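I have placed the structure first, in the form of structure tokens, so that the comments after it can refer back to it.
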Amino acid sequence: MGLTARIRTRDGWAVSHAVVTVADMRGAQVLRAEADAEGAVRDTTPMEAGAYTVIVTAVGYAPAASSVIVTASGRAEVGTVTLARQGGTELPPPGPWTVDPVHSSVAAVAQHLGISSVHGRFTEFSGSIEIAPDDVTKSRVEAVIRAASVDTGNGMRDGHLKSPDFLDVERFPEITYRSTGLTAAGSDRWTVHGELGMHGVVRPVDLDLAYLGTGPDPWGGTRAAFRATAELHREDFAMSYNQVLQAGIAAIGTTLKVELDIQAVQGESLPAA
């Protein structure tokens, strides 16, 4: 018997020490529990069967409310509760923002042998964001990635990815992205339209962008967090190399899933180290 719940941010991180309050239909509080360091709530306080309201709060996050039915066994399974950063539905302050590569990641996932995934990332990149003051759809994003910084955790594989079969980093040392427009897809979600330049080819690529909120950092600055995803096809960028195995399965998938976790600092440059 009792209540169980998992408290997470929108990008999957545990919200430690979130507070869960349960009230009955009359509005009377019947239970109050605190999440542990893993964002888990496990409380054995028995509750009578019926309908209840669950409210989850945490410092820095917007409250979340939901309904739950307690069964005759006295068990209430709330499941996963996702909290949004406070202010997450508002836009970042207008003006320039600079991507902080130390606290950001540019990653990609490809299928391997048809049964598993190869995860890679680029370790050297820079970027800038300009939030338009009046019409956010006129905001701009630019980024440059050093192609030779690709890292999949395997030196031989990385060497092959840098070769003319794939990125050809000697001839095309930079991967670039420049936005061409922005379309709202929700209160805190956007579609970024842009052009990706890679391997000597420029193609339109859309990013599905989630704005995770803005807040102060320990160094006196203001930071905004974003998460973006996209799917790329290697053939679109003239990277059609593949090794086909005897079973007819390609060694490396032709689709890449790109995942960006971005922190940007307000201003035209990063603070001095």
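Sequential numbering from 939 applies to the sequence shown in my numbering. Idealized CB from N, CA, C, for every residue including glycine. Source: prediction; values computed, not measured.
Check: Per-residue DSSP class, three states only, for V1196; Outcome: strand
Check: Residue environment, D1126, which counts as buried when at least 16 other CB atoms sit within 10 Å; Outcome: buried
Check: Whether A1168 touches V1196 by CB criterion (8 Å); Outcome: yes
Check: Buried versus exposed, by CB contacts within 10 Å (16 or more), A1176; Outcome: exposed
Check: Per DSSP, cross-strand counterpart(s) of L1147; Outcome: W1128 and A1166
Check: Continuous beta strand (DSSP E) stretch holding R1116: start and end; Outcome: E1112 to A1122
Check: Opposing strand residues paired with S1004 [DSSP bridges]; Outcome: V992
Check: Nearest to A1122 (by Cα), restricted to the options T1090, S1077 and R1109; Outcome: S1077
Check: Of the listed residues R1023, V1008 and S1004, nearest to G950 (C-alpha basis); Outcome: R1023
Check: Separation of M1094 from Q1184, as counted between CA atoms; Outcome: Summary for Q1184: the model assigns pLDDT 41, below 50, so the residue's position carries little reliability, and this model does not support an answer.
Check: Per-residue burial, T1118 [other beta carbons within 10 Å of its own, 16 or more giving buried]; Outcome: exposed
Check: Length of the line joining the Cα atoms of A1070 and D1106; Outcome: 36 Å
Check: Extent of the continuous beta strand (DSSP E) to which D981 belongs; Outcome: A978 to D981
Check: Endpoints, the beta strand (DSSP E) within which L1099 is located; Outcome: Run containing L1099: none in the beta strand (DSSP E); it sits in the alpha helix (DSSP H), G1093 to K1100.
Check: Status (buried if at least 16 other CB within 10 Å, exposed otherwise) for T947; Outcome: buried
Check: Closest Cα partner of I993 within the set Y1115, L969 and D974; Outcome: L969
Check: Beta-carbon separation (whole angstroms), T1009 vs A987, contact threshold 8 Å; Outcome: 6 Å
Check: Expected contact under 8 Å - CB spacing of R1172 and D1199 to nearest Å; Outcome: Not a contact, Cβ separation roughly 23 Å.
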